[in-house]
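Written below as structure tokens is the structure these notes are about.
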Amino acid sequence: MNHHDLVHSSSSRTFTTSQQLLTRARALIPGGYHLSGRPLVTPADSPMYFERGAGSRVWDVDGHEYIDYVMAYGPLLLGYAHEEVDRAAFAQARRGNLLTLNHPLHLEFVERLVARLPGAEMGAFFKTGSDATTAALRLSRRATGRRRVARCGYHGWHDWCLPLADFVPDGLDRQVLEFRPDEPESLRELLRTHSGEVAAVILAPEMMPSTRPELARQFAELAREHGAVFILDEIKTGLRIHPGSFQQWAGVVPDLTTLSKALGNGWPVAAVVGRRDVMRHGAELHMSATYHGETTGLAAALAVLDVLGRSDVTGHVWRLGERLVAGLQAAAERHRVPALAYGEPLPPMPFLRFTHPDPRVRDATAATFYTEMLQRGILLHPRHLWFVSAAHSDDDIDRTLAAAEAAMLAAAARHHSPQDPSHP
0 MNHHDLVHSS
10 SSRTFTTSQQ
20 LLTRARALIP
30 GGYHLSGRPL
40 VTPADSPMYF
50 ERGAGSRVWD
60 VDGHEYIDYV
70 MAYGPLLLGY
80 AHEEVDRAAF
90 AQARRGNLLT
100 LNHPLHLEFV
110 ERLVARLPGA
120 EMGAFFKTGS
130 DATTAALRLS
140 RRATGRRRVA
150 RCGYHGWHDW
160 CLPLADFVPD
170 GLDRQVLEFR
180 PDEPESLREL
190 LRTHSGEVAA
200 VILAPEMMPS
210 TRPELARQFA
220 ELAREHGAVF
230 ILDEIKTGLR
240 IHPGSFQQWA
250 GVVPDLTTLS
260 KALGNGWPVA
270 AVVGRRDVMR
280 HGAELHMSAT
290 YHGETTGLAA
300 ALAVLDVLGR
310 SDVTGHVWRL
320 GERLVAGLQA
330 AAERHRVPAL
340 AYGEPLPPMP
350 FLRFTHPDPR
360 VRDATAATFY
370 TEMLQRGILL
380 HPRHLWFVSA
390 AHSDDDIDRT
400 LAAAEAAMLA
410 AAARHHSPQD
420 PSHP
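The opening residue of the sequence shown carries number 0 in numbering that gives the first Met the number 0; numbering runs sequentially from there.
Here it is, written out as structure tokens:
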């Protein structure tokens with residue numbers, strides 16, 4: 000596909016092969032979708048299966064090319080199929096990726112992370128972000144002798160961090176408390192009400208207004224005042240926002256940090272690092288799984304750290320994120336579409352929110368915009384933060400904004416009622 004087709008074609012892409020695969024999947028996989036592989040708009044208007052990726056691009060099974068800003072929900076900070084990272088992982092696989100006992104990479108991996116993050120003294124390695132956040136909570140409970148956790152954000156799919164409607168075990172709802180990301184007083188009140196009961200305060204920093212990094216410091220201070228472990232959940236923000244992650248950018252030193260996603264650039268790896276007096280309790284707890292010591296993810300992570308050490312990746316994604324946000328907002332204003340493009344929590348993780356007060360009009364406008372962008376070869380998620388990678392270029396941003404002009408025009412022209420039968 001040539002570049003003109005990538006951004007200027009509309010209503011011409013079909014997804015026949017994707018639909019055929021989806022039909023098969025519905026008989027075999029619960030819901031028909033793998034994990035977060037739900038349709039971006041409607042199944043008829045979305046690619047449901049991709050067959051390859053390179054740099055900032057992906058190709059679906061029907062042969063269509065896209066500039067991707069979902070980036071597998073965040074792991075691909077350096078882009079798809081990064082040669083240096085993949086070479087390191089493949090080389091390790093040929094030497095044996097999973098061995099009976101320890102491997103020197105285990106030690107090197109933790110040493111590199113501890114040296115990189117302020118306040119970190121020890122670390123442990125895992126395979127997923129959910130593993131890491133659950134391990135951090137278990138460490139906190141052991142260190143404090145308490146059970147409750149105060150949380151803010153999404154921390155994975157394990158029972159303790161699911162919405163309470165998702166059939167969690169009886170009594171778990173009384174152990175998990177929630178506070179607001181923009182109101183330290185909400186956390187203060189929780190800690191006062193449950194004085195001496197809260198083991199950990201866990202915060203996902205992408206939830207906070209980025210213009211107020213001091214909030215993270217206030218949350219950390221409140222946790223420590225009340226004897227709780229302060230966990231900074233940097234699964235999404237780690238290594239992306241600053242070479243020292245969000246914590247160094249915001250000037251906050253957590254007791255524990257969780258990392259994953261960008262750490263392996265698509266290879267499964269996660270970590271918990273933090274204070275020695277908290278981490279040492281890992282020797283007393285069961286936090287082991289067969290694949291935690293698997294080495295390809297560790298080799299990939301070390302290669303990622305090498306790349307970040309010699310390249311200004313965070314500066315690049317920050318600058319392009321700011322360009323994307325400004326361009327989308329300008330397009331919305333030119334076409335009088337009620338929408339807010341924002342780089343909050345931070346420009347490398349932008350988003351576009353439609354703001355019409357009538358939810359039917361708002362949803363119809365959003366569906367039109369995102370469908371038009373897909374037809375023009377731009378992959379954006381309508382309900383999840385996006386991710387700018389080191390592989391994205393100024394040319395990608397130019398093409399994205401050109402597509403957005405046409406998509407905003409189509410969204411502005413959508414004056415009929417969302418109840419119209421033609422509404423998707």
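From the three backbone atoms N, C-alpha and C, an ideal C-beta is built for every residue, glycine too.
Specify the secondary structure class of residue i as computed by DSSP and reduced to three states.
i      : result
LEU159 : In the sequence as presented, Leu is not what sits at residue 159; that position holds Trp. Three-state DSSP puts TRP159 in a helix.
GLN19  : helix
TRP248 : helix
PRO420 : Residue confidence for PRO420 is low, a pLDDT of 39 falling below 50, so the modelled location carries little weight; the figure read from the coordinates is stated next. Three-state result, PRO420: coil.
GLY54  : strand
MET0   : With a pLDDT of 45 at MET0, under the threshold of 50, the modelled position of that residue is not reliable, and the figure given next carries that caveat. Coil at MET0, not helix or strand.
LEU408 : helix
ALA403 : helix
GLY226 : coil
VAL303 : helix
THR236 : coil
HIS414 : Per-residue confidence for HIS414 stands at a pLDDT of 43, beneath the threshold of 50, marking its modelled position as unreliable; the derived number appears in the next sentence. Residue state, collapsed to three classes: coil.
GLU293 : coil
GLY326 : helix
THR192 : helix
MET121 : strand
VAL272 : strand
PHE386 : coil
LEU98  : coil
ALA26  : coil
At the level of alpha carbons, what is the spacing between residue i and residue j?
i      : j      : result
VAL60  : ARG322 : 31 Å
ALA340 : GLY320 : 11 Å
LYS235 : PRO74  : 8 Å
MET407 : ALA338 : 10 Å
ALA479 : GLN374 : Since the displayed the chain opens at 0 and closes at 423, residue 479 lies outside it and no answer follows.
PRO46  : ALA53  : 17 Å
VAL84  : ALA389 : 13 Å
TYR424 : ASP397 : No answer is possible for residue 424: it lies beyond the span of the chain, which begins at 0 and ends at 423.
ALA409 : HIS334 : 9 Å
GLU107 : ARG23  : 44 Å
PHE229 : MET70  : 29 Å
LEU104 : LEU307 : 18 Å
LEU345 : THR354 : 20 Å
ARG309 : LEU76  : 15 Å
PRO356 : HIS380 : 21 Å
ARG187 : ARG173 : 18 Å
ARG146 : THR192 : 15 Å
TYR290 : GLY376 : 37 Å
LEU190 : GLU196 : 8 Å
GLU110 : PHE124 : 12 Å
Excluding the five sequence neighbours on either side, which residues of its own chain have a C-beta within less than 7 Å of the C-beta of residue i, listed in chain order?
i      : result
VAL175 : VAL148, ARG150 and TRP159
HIS241 : GLN247, TRP248 and THR313
PHE350 : TYR341, LEU384 and TRP385
ASP130 : ALA269
SER244 : LEU116, GLU233, THR236, GLY237 and LEU238
GLY265 : ALA71, PRO74 and LEU75
PRO417 : With a pLDDT of only 47 at PRO417, under 50, the local geometry of the prediction cannot be trusted, and the value read off the model is given with reservation. Closer than 7 Å at Cβ, skipping near neighbours: ARG359, VAL360, ASP362 and ALA363.
Spell out the partners DSSP gives residue i in its beta bridges.
i      : result
LEU373 : The partner list for LEU373 (beta bridge, DSSP) is empty, contrary to what the question assumes.
ASP67  : LEU378
VAL197 : ARG147
TYR341 : PHE350
ASP130 : According to DSSP, ASP130 bridges with nothing at all.
TYR79  : GLY54
LEU177 : Just to set this straight, residue 177 is Glu in the shown sequence, not Leu. Answer by DSSP bridge pairing, in chain order: ARG150.
THR257 : ASP232 and VAL271
PHE49  : ASP59
LEU202 : CYS151 and LEU231
Counting only the same chain and skipping the five closest in sequence on each side, list residues whose C-beta sits under 6 Å from that of residue i.
i      : result
ASN96  : GLU293, THR294 and THR295
LEU327 : ALA340, LEU351 and ALA403
MET286 : ALA134
HIS63  : ARG12
PRO347 : ARG239, VAL316, TRP317, GLY320 and VAL387
PRO267 : LYS126 and GLY296
VAL336 : MET407, ALA410 and ALA411
Excluding five sequence neighbours on each side, which residues of the same chain lie with their C-beta closer than 8 Å to the C-beta of residue i?
i      : result
THR13  : ASP61
ASP181 : MET207, PRO208, ARG211 and LEU214
THR132 : HIS154, GLY155, HIS157, CYS160, ILE201, ILE230, ASP232, ILE234 and THR257
PHE49  : VAL57, TRP58, ASP59 and VAL60
ASN101 : GLY292
SER508 : The requested residue 508 does not occur in the structure, where the chain is confined to residues 0 to 423.
*Three or more C-beta pairs below 8 Å linking the stretch 84-101 and the stretch 235-255*: Contact between the stretch 84-101 and the stretch 235-255 is absent, because fewer than three Cβ pairs lie under 8 Å.
*Okay, do the stretch 220-227 and the stretch 113-127 touch, 3+ Cβ pairs below 8 Å being the bar?*
No, because fewer than three Cβ pairs between the stretch 220-227 and the stretch 113-127 fall closer than 8 Å, the two stretches do not touch.
*Determine contact between the stretch 123-142 and the stretch 268-280, defined as no fewer than three beta-carbon pairs at a distance below 8 Å.*
Yes: at least three Cβ pairs fall under 8 Å.
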